[in-house]
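For reference, the structure discussed in these notes is given below.
Chains as they are written, first to last, in my numbering: chain L, 57 to 820; chain Z, 66 to 225.
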């Protein structure tokens with residue numbers, strides 16, 4: 057069941073659910089994804105990866121591979137210039153160029169199993185694989201470290217000799233695996249805890265999980281002799297691919313033209329480069345186009361998982377539920393190079409709540425794992441798992457309804473967060489109330505079941521977007537932007553353009569342009585496309601309308617200020633302007649040649665004012681006490697979505713995020729051997745949720761418009777993955793009496809916890 | 066090693082191709098025949114993105130060797146629409162937003178069509194278990210299951 061949004065009557069197109077513009081292509085197999093692109097004469101590129109978690113690369117001998125018939129190019133780190141210590145943004149995360157060049161191709165050391173050490177291009181996949189086997193790499197295997205807590209200990213194997221903890225107090229003098237220490241403070245927690253009547257303190261852990269997009273990374277690169285390069289890539293940000301490759305290969309950005317293919321999921325994991333610079337370099341060396349795809353094993357071993365982390369939470373409250381102080385310490389895996397999302401994890405930890413005294417500390421920790429990449433609300437689910445579980449313990453101790461406890465402490469307009477931002481209009485209270493009043497929450501929990509509640513927050517981002525709008529000679533409209541459509545954004549952009557123009561949705565065709573055909577657009581990520589690129593589209597349409605009014609004024613020989621745009625037509629602003637028949641888009645397009653030429657609109661902006669989003673999830677489940685297997689039998693996800701432009705795709709974000717979170721809660725984890733090698737790099741052993749694991753995911757779209765957007769849009773994609781782990785854990789605690797603090801709550805782990813608790817509970 | 070010559074039928078059309086003994090049906094469909102609608106998500110039969118029908122049986126084409134296509138009838142996503150008319154499942158998937166990124170969609174459509182041919186009146190549970198061999202990471206399955214149930218109801222209605 058889905059709740060209708062409340063935009064009805066206010067808009068003609070916004071809030072409706074038309075077919076997506078790329079629908080037919082995507083249900084017929086016509087849509088071309090990353091691996092579906094080929095060029096005549098193309099070679100197949102393959103990567104040789106380190107079998108060791110941590111090893112010095114003493115030498116690489118590629119001579120035999122190069123001599124193999126059919127091999128056209130072999131590359132190693134020698135083919136890439138070293139890079140400066142320079143931080144650049146990628147999605148909501150940041151990367152250092154010095155590290156990224158080492159991540160795409162190991163330089164001094166292999167730092168994780170799966171780390172690329174060489175690559176070949178050959179006339180067939182079979183020959184490329186043979187060539188990999190002929191490359192001789194001499195390693196000196198080093199002691200490795202996988203676990204965060206172990207990596208932080210003195211004496212742990214150190215990954216980077218140059219790494220001195222940034223923000224350490226006192227300043228670091230010796231290299232360690234702790235890349236950074238951060239803290240956020242509000243008020244005085246020492247004093248705050250003195251006033252607490254109940255204090256709860258717990259330690260939580262989570263494991264690394266993968267974004268799990270079904271489409272493996274894939275790219276096709278063609279480098280010409282004059283230095284011009286074309287790339288087709290499945291990416292969330294083709295402008296980022298261009299930028300990274302230009303830096304890594306010493307090219308101008310204008311020399312690289314990247315066309316985004318359709319993208320088979322990303323969730324943050326396709327905001328960085330892995331194969332693209334290798335494919336370009338192989339193409340440069342061989343003079344042929346080079347296609348590269350990752351196997352699923354490659355994806356698991358060598359593309360960014362989301363980090364695991366350890367979180368310590370302490371919350372103090374009055375007996376009436378008012379929280380007086382809260383502390384949180386987060387230790388987070390960065391993977392082999394610095395740059396975990398520990399910052400957002402810290403900032404989001406208590407962002408849902410108006411608390412006077414907060415202290416948050418975070419540690420960014422490297423270990424011999426693949427470098428983490430963004431995954432939907434990067435970092436936030438890890439701190440939320442701990443904070444929302446602790447709040448549930450508090451609610452149980454205070455014998456308070458878990459929603460009432462949160463209502464008592466909920467952030468509102470003008471609440472100041474621990475990270476310094478003061479909220480504008482937000483919809484957290486409305487979202488809590490929506491769940492409290494929902495049919496789900498009002499239905500009593502079935503005997504033997506447990507119900508869990510948890511909340512989540514995400515900032516959402518704006519950033520750089522460009523868009524253009526063109527009127528065709530028949531009056532139909534093309535809207536051009538530069539963000540890969542990962543979940544229906546074409547439909548949302550076309551809806552806003554149709555609304556703005558006052559024309560039929562079917563007359564607006566949204567197009568996603570390559571890097572040479574539209575101005576810069578930041579990645580599809582941060583829940584920014586419908587918000588920020590949507591604003592660029594709206595502004596480009598407004599620019600076009602301004603021109604349309606000028607053209608109408610020319611035809612009528614009046615001042616442009618005397619023309620208004622209404623329902624897809626130019627009309628005189630009033631009787632004083634004169635009496636003219638309205639001119640439609642088609643009328644104006646037909647006369648464009650005589651009134652000044654083609655009619656286009658453009659917009660480029662750095663968008664600020666992204667409205668943060670809040671989610672509240674409610675789950676009912678039962679636990680099989682013998683096996684520890686959890687059956688989720690009812691799930692509701694509610695969220696402040698600003699304005700739902702295309703409600704079906706907004707619901708889809710809530711449903712998909714919730715289910716990824718359920719997988720994170722119940723099954724998904726990276727499992728390592730004692731040698732530091734990944735034990736479950738496939739979908740059979742890395743178990744993501746399947747249809748039979750789940751009920752329908754009910755959604756409640758709470759619409760509290762974002763005041764910084766003409767249609768009130770808030771990003772919606774990320775919040776939904778924040779609450780599920782704790783919602784599920786809280787439900788398990790209420791169903792069984794056993795409080796889980798370690799993720800995932802998989803059958804082996806949960807049954808062990810139940811077995812340990814049952815004798816104790818029987819004795820009590 | 067000499068290539069193997071295979072005669073098969075794909076989406077009703079007699080088709081012949083040459084392949085290596087160790088190539089999969091998926092490889093040949095995608096790389097030799099240009100039928101890129103079937104996707105490779107895992108290569109191990111776990112994700113279902115490469116689902117096709119072989120002699121009326123739902124299979125992962127990444128687990129079928131190309132020479133095994135000799136003399137059989139293969140149906141892929143490219144054969145699902147008739148002319149410019151989408152299959153009711155295809156139409157409903159678009160209408161109900163049962164896809165986000167769309168990479169798993171061809172596999173889900175092939176699997177759903179196979180289900181409805183066998184079980185025209187499935188329960189929600191039957192749909193969920195039948196589709197448990199297909200991974201979708203975007204939708205949480207909700208709208209996919211709803212779309213299949215809706216089409217089943219409509220197809221029963223129009224068959225009366």
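Think of the CB as a built atom: it goes at the ideal place given N, C-alpha and C, for glycine as much as any other residue.
Residues of chain L with CB under 7 angstroms from residue i, in chain order?
i	result
residue 108 of chain Z	351, 352
residue 171 of chain Z	85
residue 207 of chain Z	711, 752, 753
residue 111 of chain Z	738, 739, 740
residue 142 of chain Z	84, 85
Would residue i count as contacting chain C if we go by Cβ distances under 8 angstroms?
i	result
residue 98 of chain L	The structure shown contains no chain C; its protein chains are L and Z.
Taking residue i as the query, report the chain L residues whose CB atoms sit under 9 angstroms from its CB, ordered along the chain.
i	result
residue 102 of chain Z	84, 85, 86, 87, 92
residue 158 of chain Z	79, 82, 83
Whose C-alpha, out of the options, is nearest the C-alpha of residue i?
i	options	result
residue 206 of chain Z	Z:178, Z:169, Z:225	Z:169
residue 584 of chain L	L:640, L:697, L:643, L:639	L:697
residue 802 of chain L	L:578, L:186, L:601, L:722	L:722
residue 517 of chain L	L:142, L:384, L:379, L:591	L:591
residue 142 of chain Z	Z:217, Z:178, Z:120	Z:178
residue 617 of chain L	L:625, L:624, L:630	L:630
residue 736 of chain L	L:745, L:724, L:544	L:724
residue 640 of chain L	L:621, L:341, L:190	L:621
residue 550 of chain L	L:529, L:571, L:523, L:298	L:523
residue 822 of chain L	L:669, L:788, L:619, L:759	Residue numbering for chain L in the displayed model covers 57 to 820; residue 822 of chain L lies beyond these limits and cannot be assessed.
residue 162 of chain L	L:268, L:358, L:594, L:769	L:358
residue 171 of chain L	L:112, L:221, L:185	L:112
residue 542 of chain L	L:255, L:673, L:712	L:712
residue 663 of chain L	L:638, L:651, L:688, L:588	L:588
Going by the DSSP bridge assignment, what does residue i pair with across the sheet?
i	result
residue 489 of chain L	In DSSP, residue 489 of chain L forms no bridge with anything.
residue 147 of chain Z	Z:150
residue 288 of chain L	L:276, L:315
residue 391 of chain L	L:422
residue 109 of chain L	None; residue 109 of chain L has no bridge partner.
residue 197 of chain L	L:111
residue 497 of chain L	Residue 497 of chain L pairs with nothing; no bridge assigned.
residue 625 of chain L	L:622, L:640
Please state if the CB of residue j and the CB of residue i are separated by a distance shorter than 8 angstroms.
i	j	result
residue 510 of chain L	residue 786 of chain L	yes
residue 645 of chain L	residue 655 of chain L	yes
residue 612 of chain L	residue 775 of chain L	no
residue 110 of chain L	residue 424 of chain L	yes
residue 756 of chain L	residue 485 of chain L	no
residue 547 of chain L	residue 151 of chain Z	no
residue 128 of chain L	residue 195 of chain L	no
residue 159 of chain Z	residue 83 of chain L	yes
residue 540 of chain L	residue 272 of chain L	no
residue 501 of chain L	residue 676 of chain L	yes
residue 187 of chain L	residue 176 of chain L	yes
residue 266 of chain L	residue 742 of chain L	yes
residue 669 of chain L	residue 581 of chain L	no
residue 116 of chain Z	residue 77 of chain Z	no
residue 274 of chain L	residue 349 of chain L	yes
residue 638 of chain L	residue 717 of chain L	no
Find the residues of chain L that neighbour residue i, judging by a C-beta separation of less than 8 angstroms, and give them in chain order.
i	result
residue 210 of chain Z	747, 752
residue 151 of chain Z	80, 83, 84
Give me the chain Z residues within the contact set of residue i, using Cβ-Cβ distance strictly less than 8 angstroms, ordered along the chain.
i	result
residue 76 of chain L	159, 162
residue 704 of chain L	161, 162, 208
residue 269 of chain L	166, 168, 202
Note down, in chain order, every chain Z residue with its Cβ under 7 angstroms from the Cβ of residue i.
i	result
residue 744 of chain L	200, 202
Count the C-beta pairs between the region 697–713 of chain L and the region 67–77 of chain L that are closer than 8 angstroms, then say yes if the count reaches three, no if not. yes
Per the contact definition of three or more C-beta pairs closer than 8 angstroms, is the region 136–156 of chain L in contact with the region 290–303 of chain L? yes
Inter-stretch contact at 8 angstroms, needing at least 3 Cβ pairs: the region 417–431 of chain L / the region 231–245 of chain L: Result yes; three or more Cβ-Cβ pairs closer than 8 angstroms.
Contact the region 333–349 of chain L vs the region 97–104 of chain L: 3+ CB pairs below 8 angstroms: At 8 angstroms Cβ cutoff, the stretches touch.
Would you call the region 194–202 of chain Z and the region 759–779 of chain L touching, i.e. three or more CB-CB distances under 8 angstroms? no
Should the region 351–368 of chain L be called in touch with the region 383–398 of chain L, which here means at least 3 C-beta pairs below 8 angstroms? yes
Cβ contact (3+ pairs, closer than 8 angstroms) linking the region 553–560 of chain L and the region 586–606 of chain L: yes
Given 8 angstroms, three or more beta-carbon pairs between the region 806–818 of chain L and the region 75–93 of chain Z: no
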